[in-house]
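Participant: Chains as they are written, first to last, in our numbering: chain D, 1052 to 1460; chain C, 15 to 182. My questions all concern the structure below.
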């Protein structure tokens, strides 16, 4: 038994479609996502008394959403953060519930990630016409080095040098996550791809090709966290929060690429605490989510979180290991690479649906947990989905993790 | 002839912690931060305290502007307008030769090379050069490869031979 075993649950999930462009405000999208999460849980606005969100100065606030939906809050907070924030807000929610600050807490992200503020400073139409470099940007914009692809590419290149593996290892991840997207009616890109398709796609920034990069998306998504006692009365089988780590950093966290090993990332510092908290080992994990802003970020987190040894992830992912019905299915919704980019929250949502045994796939009875497991017919529900390890990435120096369990765990 | 960067499309705004660094490049000096208490060096200079001893009593160290390519990327899709005519170009992380500390700490900096990506390789020596911009107050550092060494590692060659043995 772990420290958190079965005390707190995720009881509701919801999201807008993955759009480009949305032609909507982040407030409008957030209201839709929160409403859908409440409906999914079987909760009314008057049941919610806590709301948090994460953003990058690009979104609406909890107070705006609560006001719109007529929710009177006992607690609200909006934090700055991108990837790895969802798991941190879940940890934060547990603290608020434990201390009695609130009883039912919504966490959301809402972003026009394509039509509004894009990562790396691009304007919606393309390159920044005249760039103003201040703060951090004084030391990257002047050398044309601003986007996550350009910056994480630096670690990826050194990884290839150090380990001897090739970009065919990246391709394995692109292929696996696209296959899962082909089973997800909500996903933006649903046509299966091969390793050769990946190898033929155009360069964005070597060593990354187009099919190494996630889908910039306009989207909002929300989850609801509450206590086990409350969860048992709600609509779906509860999904239990078993352990995690949140916004964990490496030593020497300066963004200066002077770390001894560029691709030694923050998950290394967290996973033993998360697995200890959850009372599990790697062999207990039925499936994973693994933040795929790029194929490489998935690869490197498998090492960081102990699923394989340092330098061996390229070998580990060979032969479709991360695909459904194989050893360690990853990102079953298609992830950022193929479903759409949400700064991580949709991976938690998919994990909840899988653990409930209610993946919203092509099976006519999915809402009642009736699945065919026929992949040809569009079923993406895992047969055995009892424990999931969700691994999230902020950048090389920051990571989160959330271990979840279903009712059968 | 190295490909040019259109600096007219780039505005650099120095701040309190970085204005001396930009004054350094204007005088063709490549500076890194140095702690006056423990001697630790770091880059970029926007961090106003020592990561080893937390002192805020900090100054500068003038490097020789020479180092070795630790990693690199080849940008083929321009994001910053100043680089639209520059693609493909190489951005490298460079480990400075004269900033190694007794406990193994190194200082690495990033910069854009003048060289073609077929020329770039992990392990090659580079040195800084300086380029004028439209703003007389701002001189931009850039880097160029100064020699070839045995065992240097180029991405295209690595992929073409199907990878290779571990180097770490």
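Virtual Cβ for every residue (Gly too), placed ideally from N, Cα, C.
1) Which residues share a DSSP beta bridge with residue 48 of chain C?
2) For residue 60 of chain C, return the contacting residues in chain D, with the cut-off set at a CB-CB distance below 8 angstroms.
3) Does the distance from the CB of residue 1254 of chain D to the CB of residue 100 of chain C come in under 8 angstroms?
4) Which same chain residues, not among the five before or five after residue 96 of chain C, have their C-beta less than 8 angstroms away from its C-beta?
5) Taking the runs of the beta strand (DSSP E) that are 3 residues or longer, which of them lie wholly in the region 1167-1211 of chain D?
6) Can you list the residues of chain D that residue 92 of chain C reaches, using a CB-CB cut of under 9 angstroms?
7) Please go through the same chain and pick out, in chain order, the residues whose beta-carbon is closer than 6 angstroms to the beta-carbon of residue 1460 of chain D, but skip the five residues on each side of it.
8) Apart from the five residues just before and just after residue 1301 of chain D, which ones in its own chain have a Cβ nearer than 6 angstroms to its Cβ?
9) Which bits of chain C does residue 1208 of chain D rub up against, with CB to CB less than 7 angstroms?
10) Counting only beta-carbon atoms, is residue 1027 of chain D nearer than 8 angstroms to chain C?
11) For a quick check, are the C-beta atoms of residue 1314 of chain D and residue 1351 of chain D less than 8 angstroms apart?
12) Does any C-beta atom of chain C lie closer than 8 angstroms to the C-beta of residue 1257 of chain D?
13) Are residue 1242 of chain D and residue 1252 of chain D closer than 8 angstroms when you measure CB to CB?
14) According to DSSP, simplified to helix, strand and coil, what is residue 1062 of chain D?
15) Which bits of chain C does residue 1218 of chain D rub up against, with CB to CB less than 7 angstroms?
16) So, using beta-carbon positions, are residue 1180 of chain D and residue 1458 of chain D closer together than 8 angstroms?
17) Entirely within the region 1121-1171 of chain D and at least 3 residues each: give me those beta strand (DSSP E) ranges in chain order.
18) Who are the neighbours of residue 1408 of chain D on chain C, taking C-beta pairs under 9 angstroms?
19) Would you mind telling me which residues of chain D sit closer than 7 angstroms to residue 23 of chain C, beta carbon to beta carbon, in chain order?
20) Looking at the structure shown, is residue 1421 of chain D part of a helix, part of a strand, or coil, going by DSSP?
21) For residue 84 of chain C, does the three-state DSSP call read helix, strand or coil?
22) Residue 1460 of chain D by DSSP, collapsed to three states: which one?
23) Strictly under 8 angstroms for the Cβ-Cβ distance: is residue 1412 of chain D near chain B by that measure?
24) Whose C-alpha, out of D:1133, D:1441, D:1347, D:1431, is nearest the C-alpha of residue 1322 of chain D?
25) Residue 180 of chain C versus chain D: which residues are under 8 angstroms apart at the beta carbon?
26) Helix, strand or coil: which one does DSSP assign to residue 1320 of chain D?
27) What residue does the beta strand (DSSP E) around residue 1242 of chain D start on, and which one ends it?
28) Would you mind telling me which residues of chain C sit closer than 7 angstroms to residue 1254 of chain D, beta carbon to beta carbon, in chain order?
29) Write down every uninterrupted run of the alpha helix (DSSP H) in the region 1375-1399 of chain D whose length is 4 residues or greater and which is fully enclosed by it, in chain order.
30) Residue 1369 of chain D: buried (16+ other C-beta within 10 angstroms of its C-beta) or exposed?
31) Along the region 1259-1273 of chain D, what residues have a CB closer than 7 angstroms to any CB found in chain C?
Facilitator: Inspection of the coordinates gives the following:
1) On the second chain, position 34 is the one that residue 48 of chain C refers to. In DSSP, residue 48 of chain C forms a bridge with C:55, C:73.
2) Translated into positions along the second chain, residue 60 of chain C becomes position 46. Going along chain D in sequence order, the residues near residue 60 of chain C (Cβ under 8 angstroms) are 1186, 1187, 1189, 1190.
3) Position 203 of the first chain, counted from the first residue, corresponds to residue 1254 of chain D. Position 86 of the second chain, counted from the first residue, corresponds to residue 100 of chain C. No.
4) If you number the second chain from 1, residue 96 of chain C lands on position 82. Counting only Cβ-Cβ distances below 8 angstroms, and skipping sequence neighbours, we find 19, 20, 21, 22, 23, 24.
5) Taking 3 residues as the shortest admissible run, the region 1167-1211 of chain D contains the following complete beta strand (DSSP E) segments, listed from N- to C-terminal end: 1182-1184.
6) Along the second chain, read from residue 1 onward, the residue named residue 92 of chain C stands at position 78. Taking a Cβ-Cβ threshold of 9 angstroms, the residues of chain D close to residue 92 of chain C are 1177, 1178, 1195, in chain order.
7) Within the first chain, numbered from 1, the residue matching residue 1460 of chain D stands at position 409. Low local confidence applies: a pLDDT of 47 at residue 1460 of chain D is under 50, so the model's placement there is unreliable, with the coordinate-based value given in what follows. Here the set comprises 1437, 1438.
8) Residue mapping note: residue 1301 of chain D aligns to position 250 of the first chain, counting from 1. So the qualifying residues of the chain are 1317, 1448.
9) By 1-based counting over the first chain, the position of residue 1208 of chain D is 157. Simply 85, 86, 87, 169.
10) Past the boundaries of the shown model lies residue 1027 of chain D; chain D is included only from 1052 to 1460, so the question cannot be answered.
11) Walking along the first chain from the start, residue 1314 of chain D turns up at place 263. Walking along the first chain from the start, residue 1351 of chain D turns up at place 300. For residue 1314 of chain D and residue 1351 of chain D, yes; Cβs fall inside 8 angstroms.
12) Numbered from 1 along the first chain, position 206 holds the residue referred to as residue 1257 of chain D. It does; some Cβ of chain C falls within 8 angstroms.
13) The residue labelled residue 1242 of chain D in the question sits at position 191 within the first chain. The residue labelled residue 1252 of chain D in the question sits at position 201 within the first chain. The answer is no: Cβ separation not under 8 angstroms.
14) Taking the first chain and counting its residues from 1, one reaches residue 1062 of chain D at position 11. Note: residue 1062 of chain D maps to strand in three-state DSSP.
15) Reading the first chain from its first residue, position 167 is the one you call residue 1218 of chain D. The contacting residues are 173.
16) In the first chain, counting from the first residue as 1, residue 1180 of chain D sits at position 129. In the first chain, counting from the first residue as 1, residue 1458 of chain D sits at position 407. In this structure, residue 1458 of chain D does not lie closer than 8 angstroms to residue 1180 of chain D by Cβ.
17) 1126-1131, 1155-1163
18) For this step, residue 1408 of chain D is matched to residue 357 along the first chain. Simply none; closest approach about 40 angstroms.
19) Position 9 of the second chain holds residue 23 of chain C. 1180, 1181, 1182, listed in chain order.
20) Along the first chain, read from residue 1 onward, the residue named residue 1421 of chain D stands at position 370. Residue state, collapsed to three classes: coil.
21) Along the second chain, one-based indexing puts residue 84 of chain C at 70. DSSP places residue 84 of chain C in strand when its eight states are reduced to three.
22) For the purposes of this step, residue 1460 of chain D is taken as the residue at position 409 of the first chain. Residue confidence is low: residue 1460 of chain D scores 47 on pLDDT, short of 50, so the model does not pin down where it sits. Its coordinate-derived value is still stated next. Residue 1460 of chain D carries a coil assignment under DSSP once its states are collapsed to helix, strand and coil.
23) Of the protein chains in this structure, namely D and C, none is chain B.
24) Position 271 of the first chain, counted from the first residue, corresponds to residue 1322 of chain D. It is D:1441 whose Cα lies nearest to the Cα of residue 1322 of chain D.
25) Sequence index remark: in the second chain, residue 180 of chain C carries index 166 (1-based). Simply 1213, 1214, 1215, 1362.
26) Within the first chain, residue 1320 of chain D is the residue found at index 269, counting from 1. Reduced to three states, the DSSP call for residue 1320 of chain D is helix.
27) The residue labelled residue 1242 of chain D in the question sits at position 191 within the first chain. Counting along the chain, residue 1242 of chain D falls outside any beta strand (DSSP E), and DSSP gives it neither H nor E.
28) For this step, residue 1254 of chain D is matched to residue 203 along the first chain. 90, listed in chain order.
29) Listed in chain order, the complete alpha helix (DSSP H) runs (minimum 4 residues) inside the region 1375-1399 of chain D are 1386-1389.
30) As a position in the first chain, residue 1369 of chain D is number 318, starting the count at 1. It counts as exposed.
31) none
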